[in-house]
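Chemist: The listed protein sequences derive, respectively, from chains A and B. Under our numbering, the first sequence has 389 at position 389, and the numbering climbs by one with no breaks. Under our numbering, the second sequence has 982 at position 385, and the numbering climbs by one with no breaks.
Protein chains: 2
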Amino acid sequence: MPSYHAPVKDTQFVLQHVLNIQNYANLEGFADATPDTIAAILEQGAKFVEDVLQPLNQSGDQEGCTRHPDGTVTTPKGFKEAYQQYVDGGWGTLSAPVEFGGQGLPHVVSIAFNEYMISANMAFAMYPGLTHGAISSILVRGSEEQKKTYVPKMVSGEWLGTMNLTEPHCGTDLGLIRSKAEPQDDGSFKITGTKIFISSGDNDLGENIIHLVLAKIVGAPDNVKGISLFIVPKVLVNADGSLGARNAVSCGSIEHKMGIKGSATCVMNYDGATGYLVGEREKGLQAMFIMMNAARLGVGQQGMAIGEVAYQNAAAYAKDRIQGRALTGPQNPEAKADSILVHPDVRRMLLDARAFNEGARAFALWGGLLVDLAHKAQTEEERQQADDVISLMTPVIKGYLTDKGHETATNCQQVFGGHGYVEEWGMSQFVRDARIAMIYEGANGIQALDLVGRKLAQNGGRAIRGFFEMVSTLCAENKANADMAPLITPLEKSNGHLQAATMWLMQNGLANPNNAGAASYPYMQMMGLVCLGYLWAKMAKAAQDALAAGTEDETFYKNKIIVAKHFAERHLVETGSLLRKVEAGSETIMAMAANDF
Amino acid sequence: MPSYHAPVKDTQFVLQHVLNIQNYANLEGFADATPDTIAAILEQGAKFVEDVLQPLNQSGDQEGCTRHPDGTVTTPKGFKEAYQQYVDGGWGTLSAPVEFGGQGLPHVVSIAFNEYMISANMAFAMYPGLTHGAISSILVRGSEEQKKTYVPKMVSGEWLGTMNLTEPHCGTDLGLIRSKAEPQDDGSFKITGTKIFISSGDNDLGENIIHLVLAKIVGAPDNVKGISLFIVPKVLVNADGSLGARNAVSCGSIEHKMGIKGSATCVMNYDGATGYLVGEREKGLQAMFIMMNAARLGVGQQGMAIGEVAYQNAAAYAKDRIQGRALTGPQNPEAKADSILVHPDVRRMLLDARAFNEGARAFALWGGLLVDLAHKAQTEEERQQADDVISLMTPVIKGYLTDKGHETATNCQQVFGGHGYVEEWGMSQFVRDARIAMIYEGANGIQALDLVGRKLAQNGGRAIRGFFEMVSTLCAENKANADMAPLITPLEKSNGHLQAATMWLMQNGLANPNNAGAASYPYMQMMGLVCLGYLWAKMAKAAQDALAAGTEDETFYKNKIIVAKHFAERHLVETGSLLRKVEAGSETIMAMAANDF
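What follows is the structure, encoded as structure tokens:
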């Protein structure tokens, strides 16, 4: 049975030595996030996920969710009790606003805890994850009354939330939505339609579920401009805040999926259900995008979080598995065989995993901090800059981290040989669970298109220019440092490749949008590599500084530098070939007639 | 529900236009393999797998195998009847020797049919696949009496075969085997021990199962040199060939696996079971390797065969799914949306799949032909040359084709968006089934090590030199052909990268074997790319020739050239980055202490 230990020390290294969040103590919420407070939260969070959530991961996968004939859904054994502990522990309140019952801590702190929860039990983590997305939409676009009515109970976790976009005939292209909203005399709407792939659409964890639903008000344009957003509670809420009648929304069936089986993925039927408009009419998509951008960071984190737990188990297996001999002669001559960790290729798989996981953790936490800074930084310029970077990075965090997280889990499964293929060992579940993150919240191809088709060009390319500047500055600052050369030289080279690819897109993508589309995926991969290379250089520098200052923990910092080098030698080098894929253009890709596929 | 149509035309294109098997009519068995005979076999084979095997694929996955309290195993509903049709149709006899009831056709013909069987139902195809492996070992190393007793019934398929290597504590390192063989007065042995991961270890498909079992004879060296090979029939065979008593071998349990659930993966308990020595004492490993080399080609084919069926379904979905608009403006303005095939990135996924599948098909069929030529070519020199190439290529076919086949299935699943994650659509099964091929018959890391540590250096590097010569000759011959330039120029460049990597290995791998180990995986990937690039160049040339000669089927050949270009632009370009990974060496990979993983 697989195990998991939350990497608290690694998280703290990134927060304190790389992102230096202590420097932001002057910003709202950050003053309370002292190193001691963060340490306490992370350690208690680690204990909660290790003791309560992780033991339910494999059993949850085996049992899955059950839909009953009355349309209610039961989560796997133990989930309800664990969720109650989540509520009682206030784990949903970390970075929620104080006025709605939250602790008002920086977003980056809840991002840090979120990783642990996903590693321990991704299916479980879906329930609070969706609730958080729903909260953000109501907070930004909801009326004061809506906030007061719904948000406190959602922050505490007593009520859960969902997002309802997809319909059987449309996922990405929301303009095709058929769900209808009929205005009622009291200002509410009757919502009718079918939504599919609704995570936590029904479940037995809380007292109520607040559905956020996209639909078209009768008479609205039948395209993407006619979409409005509605709150549709599972149980209607009385004026005094008590629960009233059951609303006309129910789960029609649940999907049998490849993974995250403990998360109920529902077909939701709205049969004239009472709904309340959120924000302005026909501005539903913008409201939903607030939720989706937050969700995309969380989904990106799912990739790395599963990569982490898969790595931990593969490393333990490799140390334990005694078989064969080192190529350079027996390392453990008194035994009949050496551990498989003597083999360079086994180490390659494990170091690839670490190079990705630790780099991706820094990326996700940086993303979390940027969200904070975009809202709370002192000057408009700083806020703008943070917003530029996080807007640019969101599709990369979502697309690149989920692709590589799944690949990492697959490689870690490989370390187990035949045992990796047997469900009992748990590696298959990590791979199956990680797979969905590449698909939902906008399939990764859509992320690539968002990056190339929208984010790059925004504000005349200000964000990408800012990013290149950031990387170049880091390189310039560390060029004279001989110890940093093995990291800085490849990073400069890869950053050059990314700049060349960007130039190619500017020259060829506008003239023929198919060139942009054809280049989008390798471009996103290049960007992911350069971002991780940038963060690895920062981590290596932080580790060098710690070593130079003297530390009791030399091994920890020396290993950071080894893994940074591995990233430079074995990951960053891919940008050269990716640039050639970008430059291949769209001629061949568009050449074949549709019927010939 | 997924569908499948055997790509008979593509197979024939490779056999007749690329491998030109009609040129070998002077060799044993080839005279009977006329284009008409092959066409008839492929068409009937297509019908059999499409009508009989494919409809059982998804139900077999859902139901899995069942072990009963008495140790017997039942295959999924319909498998037994389908297997009877396989036997009645003589599908196991294609390339088996005539004297044992086979049709004596070239091996490449059964390889061609094998692909279809795997695409239609990989779990089902495991049963005859293992039987064929067992047949080869007995044919090469068994006594005349053993051949007469076992082979005819195995060729017909009435009896099945298995290979028993792995034990709970050892897979790759067979020297650790604990199974014992005690000599009996009648010349037989009593076999005692436990074997795990035994595909088709027990099943209800035939009358008997002939287990080939590795064990150490009492008193033999307790290492890899002490291993002997035994035939252990499930039901003992009387002198007159009739079935006698049940032998003391039984299935202790079956594994719950990620995929190929219709294939029974058994723990086999040998409790003093009667066994018969195959070949010489303590030469068991060599005998088993005969079987494993044949099996490795078949496993490599599993990668591409699943890639093919995954592609077919993804292409059909992409044509059917109406959503969004082309980046260049509506292609289907009268509808509310275009098919997703208008998007360059969807085409990228599909063309990546085709570039791999069609290239890999050529690779597998070439491998099959080389097996034939290694045995049957007219001169010793030709036989030697074929043997050189197939020995070199076996780990590449196994390792590279299974990695890329799984990746292809994963990308094709991605085309389906959320539906790809729902079991009902069948794409998840392809991914889950394909995953095992990267692990069994020697995990892919072992294949890479076999390539770099054993095959490259054999006979002073004769085989790899021969391969470079082959690629260079093709390039030289077609350099002046302007239409071939988009394929030849990148191939020459990638071949240069592979030569540089080989040189690096010669210079650095002997001095420090960890350098060879650290370089092995990217080297295998480079080799896979150059092999496919070589075969794509040959296919493009064959297509050009057909177009120049005039054909009714211009589209077919023109599409071959488009896909060849896609391979050159989007796959071959990876060798540059892979070379840098090879040249990274082992210093960083070996730097971290084992305890720090």
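We put the beta carbon where it would ideally sit given N, CA and C, even for glycine. As the structure is a prediction and not an experimental result, all values here were calculated from the model.
What does DSSP give as the partner residues of A:Val151 in its beta bridges?
Modeler: Per DSSP, none; premise fails for A:Val151.
Chemist: Using the beta-carbon of each residue, which ones in chain A are nearer than 9 Å to B:Gln1011?
Modeler: Met438, Ile439, Ala443, Asn444 and Gly445
Chemist: For B:Trp756, which three-state DSSP category applies?
Modeler: Note: B:Trp756 maps to strand in three-state DSSP.
Chemist: Going by other Cβ atoms of all chains shown within 10 Å of its Cβ, with 16 needed for buried, is A:Ser242 buried or exposed?
Modeler: exposed
Chemist: My output table needs one value for A:Asn114: the three-state DSSP class, helix, strand or coil.
Modeler: helix
Chemist: Reducing DSSP to helix, strand and coil, say where A:Ser199 ends up.
Modeler: strand
Chemist: Can you tell me whether A:Ala6 is buried or exposed? The criterion is at least 16 other CB atoms within 10 Å of its CB, across all chains shown.
Modeler: buried
Chemist: Could you please tell me which residues of the segment 895 to 906 of chain B, in chain order, have their CB closer than 8 Å to any CB of chain A?
Modeler: Contact annotation: in the segment 895 to 906 of chain B, no residue has its CB less than 8 Å from a CB in chain A.
Chemist: If we cut at 7 Å on Cβ distances, does B:Tyr1118 have a partner in chain A?
Modeler: yes
Chemist: Alpha carbon to alpha carbon, how far is B:Val705 from B:Thr634? Give it in angstroms, no decimals.
Modeler: 13 Å
Chemist: Kindly say whether A:Val514, judged by its beta-carbon, lies nearer than 7 Å to any beta-carbon of chain B.
Modeler: Rather than Val, the amino acid found at residue 514 of chain A in this sequence is Asn. Yes, its Cβ sits closer than 7 Å to a Cβ of chain B.
Chemist: If we define contact as Cβ-Cβ less than 7 Å, is A:Val87 a contact residue for chain B?
Modeler: Not an interface residue.
Chemist: Classify A:Val218 as helix, strand or coil using the three-state DSSP reduction.
Modeler: coil
Chemist: For the alpha helix (DSSP H) that B:Glu552 lies in, which residues bound it at each end?
Modeler: Not covered by the structure: residue 552 of chain B. The range shown for chain B is 598 to 1194.
Chemist: Closest by CA to B:Gly869, which one among B:Gly798, B:Gln781, B:Val943 and B:Lys973?
Modeler: B:Gln781
Chemist: Check the Cβ of A:Gly171 against every Cβ in chain B and list those closer than 8 Å, keeping chain order.
Modeler: Within 8 Å Cβ-Cβ: Gln920, Gly1014 and Gly1015.
Chemist: To which residues does DSSP link B:Leu938 through a beta bridge?
Modeler: The partner list for B:Leu938 (beta bridge, DSSP) is empty, contrary to what the question assumes.
Chemist: From A:Ser577 to A:Lys153, what distance separates their C-alpha atoms?
Modeler: If you take the alpha carbons of A:Ser577 and A:Lys153, they lie about 51 Å apart.
Chemist: List the residues of chain B whose Cβ lies closer than 8 Å to the Cβ of A:Thr555, in chain order.
Modeler: Ala1190 and Asp1193
Chemist: What residues from the segment 848 to 870 of chain B come within 7 Å of chain A, judged by C-beta to C-beta, listed N to C?
Modeler: Hits within the stretch, in order: Glu852, His853, Lys854 and Met855.
Chemist: Quick check: is the beta carbon of A:Pro344 nearer than 7 Å to any beta carbon in chain B?
Modeler: Output row for A:Pro344: interface = yes.
Chemist: Name the chain B residues whose beta carbon is nearer than 8 Å to that of A:Met590?
Modeler: From the beta-carbon of A:Met590, the residues of chain B found nearer than 8 Å are Pro941 and Arg944.
Chemist: In the DSSP output, which residue or residues are listed as bridge partners for A:Gly233?
Modeler: Reading off the sequence, residue 233 of chain A comes out as Pro, not Gly. Partner(s): A:Ile210.
Chemist: Taking its Cβ as the centre, do 16 or more other Cβ atoms sit within 10 Å of B:His1163, making it buried, or is it exposed?
Modeler: buried
Chemist: Return the residue from the list A:Glu182, A:Gly64 and A:His132 that minimises the CA-CA distance to A:Thr93.
Modeler: A:His132
Chemist: Short of 7 Å Cβ to Cβ, which residues in the segment 532 to 563 of chain A face chain B?
Modeler: Thr555, Asn559 and Ile562
Chemist: Does the Cβ-Cβ distance between A:Gly142 and B:Asp942 come in under 7 Å?
Modeler: no
Chemist: Counting only the same chain and skipping the five closest in sequence on each side, list residues whose C-beta sits under 7 Å from that of A:Val8.
Modeler: Leu42, Glu43 and Ala46
Chemist: Can you grab the Cα-Cα spacing for the pair B:Ala812 / B:Ser988, in whole Å?
Modeler: Approximately 26 Å between the Cα atoms of the pair.
Chemist: Using the Cα positions of A:Ala335 and B:Leu773, report the straight-line distance between them to the nearest angstrom.
Modeler: So the alpha carbons of these two residues sit roughly 11 Å apart.
Chemist: Along the chain, where does the alpha helix (DSSP H) that runs through B:Ser733 open and close?
Modeler: Element bounds for B:Ser733: Met719 to Arg738.
Chemist: Which residue wins for smallest C-alpha separation from B:Gly900, given the options B:Trp1133, B:Ser847 and B:Gly996?
Modeler: Taking B:Gly900 as reference, the option from B:Trp1133, B:Ser847 and B:Gly996 with the minimal CA-CA separation is B:Gly996.
Chemist: So for B:Ala1040, helix, strand or coil by DSSP?
Modeler: In this structure, DSSP gives B:Ala1040 a state outside helix and strand, which the three-state scheme calls coil.
Chemist: Are the beta-carbon atoms belonging to A:Ala96 and A:Gly90 less than 7 Å from one another?
Modeler: no
Chemist: If you draw a straight line from the C-alpha of B:Gly897 to the C-alpha of A:Val573, how long is it?
Modeler: 28 Å
Chemist: Note the first and the last residue of the continuous alpha helix (DSSP H) segment covering A:Ser577.
Modeler: Thr575 to Glu583
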